[in-house]
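*Asks:* Protein chains in written order, with full-length UniProt numbering: chain H, 1 to 239; chain A, 1 to 239; chain L, 1 to 239; chain F, 1 to 239; chain E, 1 to 239; chain V, 1 to 239.
(1) Span of the beta strand (DSSP E) holding residue 38 of chain V?
(2) I think residue 144 of chain L touches residue 150 of chain L, with their Cβ atoms under 8 Å apart; what is that distance to the nearest whole Å?
(3) At least one CB of chain H closer than 7 Å to the CB of residue 33 of chain A: is that the case?
(4) Buried or exposed for residue 115 of chain H, going by 16 or more other Cβ atoms inside 10 Å?
(5) Return the first residue and the last residue of the alpha helix (DSSP H) that residue 86 of chain H is part of.
(6) Does the pairing of the region 193–203 of chain F with the region 226–236 of chain L give three or more beta-carbon distances under 8 Å?
(7) Would you kindly work out how many angstroms separate the C-alpha atoms of residue 55 of chain F and residue 49 of chain F, rounded to a whole number?
(8) Do you know how far the Cα of residue 89 of chain H is from the Cα of residue 89 of chain L?
(9) Taking only three categories from DSSP, how would you classify residue 50 of chain L?
(10) Name the chain H residues whose beta carbon is nearer than 7 Å to that of residue 117 of chain A?
(11) Measuring alpha carbon to alpha carbon, tell me which of A:158, A:165 and A:164 ends up nearest residue 231 of chain A.
(12) At the level of alpha carbons, what is the spacing between residue 72 of chain F and residue 40 of chain V?
(13) For a test of the three-state rule: what should DSSP assign to residue 135 of chain F, helix, strand or coil?
(14) Using the three-state DSSP reduction, which class does residue 177 of chain F fall into: helix, strand or coil?
(15) State the DSSP-derived secondary structure class of residue 155 of chain V, mapped to helix, strand or coil.
(16) State the Cα-Cα distance for the pair residue 123 of chain L and residue 140 of chain E, rounded to the nearest angstrom.
(17) Please confirm if residue 130 of chain E has its CB atom under 7 Å from at least one CB of chain V.
(18) With three or more beta-carbon pairs closer than 8 Å as the criterion, would you say the region 105–112 of chain A touches the region 53–68 of chain A?
(19) Check residue 142 of chain A in the structure and name its three-state DSSP category.
(20) Give the straight-line distance between the Cα atoms of residue 218 of chain V and residue 25 of chain E, rounded to the nearest whole angstrom.
(21) Check each residue of the region 80–99 of chain E: if its Cβ is closer than 7 Å to any Cβ of chain L, include it; give the result in chain order.
(22) At the 7 Å Cβ level, is residue 120 of chain F part of the contact set with chain A, yes or no?
(23) Name the one or two DSSP bridge partners that residue 31 of chain V has.
(24) For the alpha helix (DSSP H) containing residue 235 of chain L, list its first residue and its last residue.
(25) For the region 157–175 of chain A against the region 14–25 of chain L, are there 3 or more C-beta pairs whose distance is under 8 Å?
(26) Per DSSP, residue 26 of chain A is paired with what?
(27) How is residue 163 of chain L classed by DSSP in three states: helix, strand or coil?
(28) Grab me the residues of residue 194 of chain E's own chain with a C-beta within less than 8 Å of its C-beta, minus the 5 sequence neighbours each way, in chain order.
(29) Contact check, residue 187 of chain E vs residue 125 of chain E under 8 Å by CB: the rounded distance?
(30) If you measure between the beta carbons of residue 183 of chain A and residue 164 of chain A, is that distance less than 7 Å?
(31) Using a Cβ distance threshold of 8 Å, determine whether the region 70–86 of chain A contacts the region 72–84 of chain H, with at least three qualifying pairs required.
(32) Between which residues of its own chain and residue 95 of chain A is the CB-CB distance below 7 Å, once the five residues before and five after are set aside?
(33) Which same chain residues, not among the five before or five after residue 216 of chain H, have their C-beta less than 6 Å away from its C-beta?
(34) Identify whether residue 171 of chain L lies in helix, strand or coil by the three-state DSSP scheme.
(35) Please go through the same chain and pick out, in chain order, the residues whose beta-carbon is closer than 7 Å to the beta-carbon of residue 133 of chain V, but skip the five residues on each side of it.
(36) Using the Cα positions of residue 81 of chain H and residue 81 of chain E, report the straight-line distance between them to the nearest angstrom.
So this is what it looks like as structure tokens:
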């Protein structure tokens, strides 16, 4: 029995609030149950040095948890003087996933930075971040087109992400913190809207996992992400 | 004429939302117009090394702006590897002000850390932070008493803060960003609920300011802070 | 046609040299073709602070590339003052994988650190690192037992790793650099000797990948890792 | 009764030695009693990036205490790898105050940096720094005019600073260390030579302070700064 | 009696392996007994900023020990976030010595960086580094000439280095670790092939040393370095 | 002809002022001509962790140049976030030299830190630092004996240092900046009062130097240091 009696393939309630703050070119508060992440997209002219003169754009991301997003306070990375390995790993994952969704040549020499700041963490912050960041990115890209700065839409497809795992021998979708900390296997899946995969990161937390378990988790991810992409599209349509 | 036709002594709309996140011992979203700061209080057992064995507690604070809290994106301090001078100056001010409101001996060997994270910035983030942090602190102190960890209330008095300044030769209260960036003089005032002063920080941005201008600004600060403390008390009473 | 006419499921020549340096408790030079990684295991008494008094041990890893392991020189991380995100991500992966292979309670209060230093890089450095590190770890664990510091063998099973990918629409095993930089999909797989999975990290470098491609890559990984584990066991038997 | 029987409005003996070192464009040792600060002004062509092409100059400052300027040794900031919050706060104050005294457009594209290094600290190091830095700045500006690099004098007015406070219920001027550490309120005031204010920073160290106490402190500051500006002018006149 | 019955003026077995790795423009593994250092030379177009437009080149060096090059593990400098004083001192010595051997004007606007990474340390790592680095440098300079990028050979002379010391009152040449840690005096000497000196760094580890001891050590260094330069030349001739 | 017509073996005017600041246990301003270094000795109870419980003391040193000690301003190391290689090398030399002069067992569990801060630099700052630091150290050791904290004098002998070099083919003693920057060879020598050597660091800045030149430089160093030690003793006797 899962918390809140969720079915094994059922995601938590997902809420996507656009225009959450005033200044960003895309600003989305995404909630997966109690997990809340603010995803702000910033558009800037120009590209990083390694892309200068190549006629293409860049999409990058940064990720951070507010110190008290979690049950106990974790030290502020700015005060410690560096971003931790987990933070860097997550923001590299977010950025890579978003770039898979964008035709960087169509973007032209713009850099889009998506800041994912976790307000409250109850499991699945990286997959929620990707999900919200995609919506903020779409808002930013639409703004560039509305302002006639881009002639074509650089978006190749929507992407979304979910965490799946094996808890007590049962594959489940969209783990919250109590499930996550008890899971034998934890897997984050990022998919395009057509169901193809962009990232699959599975980790055995206890015993190794079997091929069958992998397949079960992937099936749950596919169902879950399908629903999440519907929620993204509904939010975008609403605006 | 001020933006939104505010009177010179009129603060912006102030909203104080308690229990904004789930895990912190005090969690307050404070809004002064478009300025929004999340103030989370964390209670931890023990004290910093320099206080070990002295039978008293400690109150400290950290401050940060989300990268896109402002009109243009500013680099993330964790990524740059250090907190800037402005950040350190502000968090020292917040912490010092809060400690003035607490009897650290009555607090016993607990450390309370107030994280002030600016979600959206439209001027006055440090004074909004102090105002929200005080409410979060009260919630944390009340929790310690409710849990029988403290026998006496360590709170000496409520504190609140407001920015005042001189714009176009006119002293005004609670400057928003467009006023702040045009101000000849900028002053932040922290007061106790009885009107006595805890911090006064006035800076001539253009020409030096006169004794008379200082007195006018202090008078506006007193009126403004009176109203803000009422808003704090109403929020605490509502809960 | 692959470089050196390798079959799609064929790994490069794998050489595992034990006792490569004199001082480490396990010292392995692992070579996957031109990729060469020195894996040194260090045994130290005691555990990190977060494990103090829990009666268990710890296994961790660090990873680094010599500045000129690659075609062009990359700046030394010590000189830049921090380890990059890629480095941190890889050493977290190595450490997590090794811990899956060890019963930390049987290890007792020892910390084993595996340093993986890449002497020469031609693709697959992280999977070569895991493969060599496992052998160095076994040598270190055997040393502890030989010295009567451990009564039981903490090793649960051997682990090994390989990179697989899709190049020109064809799934292939153990990519070297020219393949890796042309791959549409890149996947690193860590398996236990019984074929169950410890880590699966697949990334679409170009287009998203399909479920069928994922299955093909996993099948190649299983074959490849089987061969690699034989090489590990032969090296350990030789000693 | 104050140390050395000083009257409440009496500053310590103030000594201003120009040309203290050989190389700086302005070099002043300022002494307020036992507090000794070396203020060196450096003139460099060019301006920071954010001012490029705006046809104006820049004035900035750095502050540091020698490790053994104080009763017990404090760690060297260069060895710790960062400047502390107090240091950053003070150097921001010094720089802001000096900029208030200079017409940056008349300065043209020069940057003047004032290094304030505290040789010995007995209270009031930031106000002594501002006082000495102003004299070093004047020497540097005069040098630029003498060398025909500037046609007009960019100096708007002299500035000086003093600390005032409330000790044992009595407002006093120019606190030395034993007074400072016992003060209920501590206030630093920077004024222009005509008595108008550039910075006012008052802090309640114990109980909040009243409006009347603020007025008393300001009056003492005005008297004290008047005397200090005379000392500055006498030093500059001396040749 | 020395370890391995070496004569007082006898160096350890010296092995110089060129082309040790595939990608560097010069790649030398140098072994002095159990001390093993990999010296990789990288040629890059351009020079550091302070040399821009001066029509000359630059030679620099970096030095590092693998964490487990020694009997016990030392923390990785990249993980600690900075290079230690010993590291910086050694790499400054290596670079300075190499620059003495090169006519930087003949080098033209190229920068050659020699990375000296200690694989195994048994005393004398800095002198072995200089010895191996010189061979890697020669290979890199020869490559530039072969590729017609340089018309003249910038090499002025070969250099080599050895450590000498006083152990139990006896001057000895090429100390290994057990001697080094017992030495009363430790001296590193860098010489040109004609016997003139480039660097002499002698340190009293216990009692001060006498003029006579200095002369004895220098004589041993001269003999030792003569043999080492023969080994360098033989290695270069072999290729 | 040397600047100021100094003879080749003549040092600059040397001034040693004790008790230069009020708080340090030893405080010496040492001047070699225009080179001025403030050397403050701090005595603290306890020893660094690696010496805990060994019943001996420790002597260490830190070195820094004020930003405008030199003709042009150099960036403040605290602001850059790290000490440079030159700084670390010099402070390691100073500390090592001072430890050679002290019987650390007789010192007991005290740590003495000598801060050498260069007020003005005209060549020879490291040797002036050692010279002044020795006097500050003696004052600190005498204080410990006067306070009955030590029963025996831990000082083994006085030490002093001087720079020598070859300029225009002529060996000279105590180089000032204009000589130093033109020198073909630069050598720093630290000696005990009996003329034996503690450190010898010779560097060829241009061509390598000969054995004869080395001997000439050492002879000049011996004469110079003899005079400097007389100046130290006169200063100590005066007090």
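Think of the CB as a built atom: it goes at the ideal place given N, C-alpha and C, for glycine as much as any other residue.
*Replies:* According to the structure data:
(1) 35–45
(2) Residue 144 of chain L to residue 150 of chain L, Cβ: 4 Å. Contact.
(3) no
(4) buried
(5) 85–100
(6) no
(7) 12 Å
(8) Rounded to whole angstroms, the separation of the alpha carbons of residue 89 of chain H and residue 89 of chain L is 6 Å.
(9) helix
(10) 66
(11) A:158
(12) 12 Å
(13) helix
(14) helix
(15) strand
(16) 25 Å
(17) no
(18) yes
(19) helix
(20) 41 Å
(21) 81, 82 and 83
(22) no
(23) Beta-bridge partners of residue 31 of chain V (DSSP): V:15 and V:36.
(24) 211–238
(25) no
(26) A:41
(27) strand
(28) 157
(29) The Cβ separation is near 15 Å, so there is no contact.
(30) no
(31) yes
(32) 59, 60 and 61
(33) 171
(34) Residue state for residue 171 of chain L is assigned as strand, using DSSP reduced to three classes.
(35) 39, 61, 94, 98, 114 and 116
(36) 10 Å
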